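The structure appears right after this line, and notes come after that.
2 protein chains.
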Amino acid sequence: MARKRFDDSSCSVARALNEVGDWWSLLVVLHAMYGTRRFVDFQQELGIARNILCDRLARLVDNQVLKKVEVGEHGSRFEYRLTEKGRDLFPIVIALRQWGDKWNPAPDQAPLDLRDRETGQTIRQVEVQDADGNPLSVRDVFVPEGDGGSARKASDSKKKTG
Amino acid sequence: MARKRFDDSSCSVARALNEVGDWWSLLVVLHAMYGTRRFVDFQQELGIARNILCDRLARLVDNQVLKKVEVGEHGSRFEYRLTEKGRDLFPIVIALRQWGDKWNPAPDQAPLDLRDRETGQTIRQVEVQDADGNPLSVRDVFVPEGDGGSARKASDSKKKTG
DNA sequence: CTAATCTGGTTTCTTTAAGCAACCTTATTC
DNA sequence: GAATAAGGTTGCTTAAAGAAACCAGATTAG
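What follows is the structure, encoded as C-alpha cells:
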C-alpha cells in the first residue's frame, strides 16, 4: 500500500496509529488481552497470514507493546505477552468494542458484556471525563492557546486558508 | 494490500476497525473534531493523497461517520461533518492521543492539554471503569459464561489446542 | 535411531491498495 | 474569457497483504 510513515509526525494520534493503527495490530493486542500468547493461537484465531503475523508480532515487540518470552518448558517455544504499554491499550480496545457494539451490532450476537471481577457488575461506557468524572463531548473541550503542537482548537477555528 | 474484509466478523472490534481502522480514517475523524470540514483542508492538513482522501471520505460517509452537506454559499461546495456516530469516536481518539503522548512523547512537543470548556480544568485519562467510576485494568474484568460471541474469558483461558 | 509432528518462522508469488501527479468540471473572480 | 479554487477522477508505480510452500529446531512415536 505504500503507507506513509508517521513516525516523525507531530501528532501523537498519528504516532500511536503508526504503532497500532493497522488492521491487525490492535486485533493481536485484543486477543492478547483475552489471553492468547502463542504464535499458532494468534494465527488460528485471527485467520491472519503467517508472514503478516510474524511481521506484526515483531513490530509490536519492537514497539514494546508485546514482549517475546522464551517459555522454558522445552526450548524453542515462545510466548508473546503484553507489556504495560500494551495493557495500556485496554481503554482503546474496549472503547472500540463498545463503539462497534453500539453502531454496528451483530444481529446474532449480544454485545460484549464485560464485568468487574470483584462486583460482577457490567463496566461503564468508556468516555472522556472532566476532572470530576463527568462525561465530556467533543463540544465541551478546548485546547488552551499556546498548545505546543498539531492541535488547533477542538471543535472550533477551522483554519481559513487566508 | 489485499486487505481482509471484516464486515461479517463476529468480533465488534473487527467490525469497528473495518470502518475506522485504516491509517487515515481516524485521522480524518480527528481533524473533523478539530473543526476541519473541507476537502482541501483535510488534504493539506493530513498530507493525504487526493484519491485516497476521496475514498476515505466516501467510505466514512457510507458508514455514517461523516455526512456530506452542500454548503449553500455558492453551490458546489461541500462540508464533511461528524455525525453522532462520528462524534462517538471521541473517547477512542482521545484515548489514542493520550496513549501516544504517554508512550511516544514527541521530544519537542508538550502532550495535548485538553480542557473542560466550563471549568478550564484538564480532562482525565480515558479509562475503563466499573459501575462506580473506579478504574479497571484488563486483569480486573471478565466475560460471563455464555457470552454470545468471539470473546473468551478476558485475561484467562488460553484456548489449549486439545 | 529414524520418521512424523509441532512450533515458529521465512520465501516466493499474486493481488490489491496507497501514493503521486496529471487532468477534468463547475463556479468565481478579475 | 483567462486564471483560480473546490472537489474530484484517471492512470501509473510501488509497496504491502494474502496464500501457500518450504524450512529448522525440538519432541514424540515406533
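Each protein sequence line maps, in turn, to chains A and B.
The opening residue of the first sequence carries number 586 in this note's numbering; numbering runs sequentially from there.
The opening residue of the second sequence carries number 586 in this note's numbering; numbering runs sequentially from there.
Backbone N, C-alpha and C define an ideal beta-carbon position, used for all residues, glycine too.
Since this is a predicted model, take the numbers as computed values, not measurements.
Taking the beta carbon of residue 692(A) as reference, no residue of chain B falls within 8 Å; the closest one sits roughly 11 Å away. By the criterion of at least three beta-carbon pairs nearer than 8 Å, the region 685-693 of chain A is not in contact with the region 685-700 of chain B.
In the three-state reduction of the DSSP assignment, residue 653(B) falls in the strand class. Here residue 704(A) is exposed, its C-beta having fewer than 16 other C-beta atoms within 10 Å.
For residue 664(A), the enclosing beta strand (DSSP E) starts and ends at 663-667.
Relative to the Cα of residue 698(B), the nearest Cα in the group 638(A), 708(A), 728(A) belongs to 728(A). The DSSP assignment places no complete run of the beta strand (DSSP E) inside the region 620-645 of chain A (cut-off: 3 residues). Under the three-state reduction of DSSP output, residue 672(B) falls in the helix class. Per DSSP, the continuous alpha helix (DSSP H) segment holding residue 611(B) begins and ends at 610-618. Contact between residue 708(A) and residue 721(B) is confirmed by a C-beta separation of about 6 Å, below the 8 Å threshold. Interface annotation, residue 611(A): in contact with chain B, CB-CB separation under 8 Å. Taking 8 Å as the cut-off, the beta carbon of residue 671(B) is found closer than this to the beta carbon of residue 614(B). Interface residue (Cβ-Cβ distance to chain A less than 8 Å): residue 699(B) is classified as such. DSSP, reduced to helix, strand and coil, places residue 710(B) outside both helices and strands of the structure shown, so it counts as coil.
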